[in-house]
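Here our numbering is used: the sequence shown runs in plain steps of one and ends on residue 913.
Before any comments, here is the structure.
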Amino acid sequence: MAKKMGLAFLFVWLSAALAGCGMFAAGGQEIEEKPKLEAGVNEPPIPTITIGNEQFQPALGVYSWEMENSDGTKTREEVDIAPPHEQAKHMDSISVAGEDELEIDFGSVNPPKPMDFHIWEGGKRRSVDGDMLLTDYKGTGSVIVELYGEWHEGYASYVFVLEVR
749 MAKKMGLAFL
759 FVWLSAALAG
769 CGMFAAGGQE
779 IEEKPKLEAG
789 VNEPPIPTIT
799 IGNEQFQPAL
809 GVYSWEMENS
819 DGTKTREEVD
829 IAPPHEQAKH
839 MDSISVAGED
849 ELEIDFGSVN
859 PPKPMDFHIW
869 EGGKRRSVDG
879 DMLLTDYKGT
889 GSVIVELYGE
899 WHEGYASYVF
909 VLEVR
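Take a look at the structure:
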């Protein structure tokens, strides 16, 4: 009886050891390790936007972000808030000149790819083809801008309001 229990224990222990090691996929091929997430990026980075002499940070909008935990598991945070045209009702517009260039700096984090601009008019989103040119919005009143970016860790949108003079 002791011999049978010893064999059963050995079988269970070997099964657990082989299943837990995770070195091989079905078919005996070695599993390739995925690259680690960028160190220290536990939430979408907030960029600094510079237009002429004005420097500001946009409001963080909707995002989905995955973080790797110290135990190897992953946690995903999904945030869904009001659409940009609703967020803009509670924001001050930033007065800028139409001739100024728009620069976006994500600090030590690589810029997102892709990075897209959208303009919100009448509650509807319109994509901006190519670079956002402020001269296109000169004298049109407040312009609600949404910046959308994707990283390996997820995606995020940012909102700001411009008054282009």
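The beta carbon of each residue, even a glycine, is placed where N, CA and C say it ideally should be.
query: Strand pairing of Lys861, partner residues [DSSP]; result: Lys861 pairs with nothing; no bridge assigned.
query: The region 870 to 890 contacting the region 815 to 829, beta-carbon criterion three pairs below 8 Å; result: no
query: Chain C contact for Tyr885 (CB, 8 Å cutoff); result: Absent from the structure is chain C; it holds one protein chain and no more.
query: Contiguous alpha helix (DSSP H) assignments of at least 4 residues, all confined to the region 812 to 865; result: 832 to 835
query: Top-ranked residue by Cα proximity to Met863, from Tyr903, Asn817, Asn790; result: Tyr903
query: Per DSSP, cross-strand counterpart(s) of Glu911; result: Ser843, Ser890
query: Sequence-distant residues of the same chain with beta carbon closer than 8 Å to Ala764, five excluded per side; result: Unreliable positioning characterises Ala764 in this predicted model, as indicated by a pLDDT of 40, which lies under 50. The coordinate reading is nonetheless provided below. Answer for Ala764: no residue qualifies.
query: Under the three-state DSSP convention, the category Leu881 falls into; result: coil
query: Cβ-based neighbour list, Tyr811, same chain, cut-off 6 Å, excluding 5 preceding and 5 following; result: Pro792, Val827, Ala904
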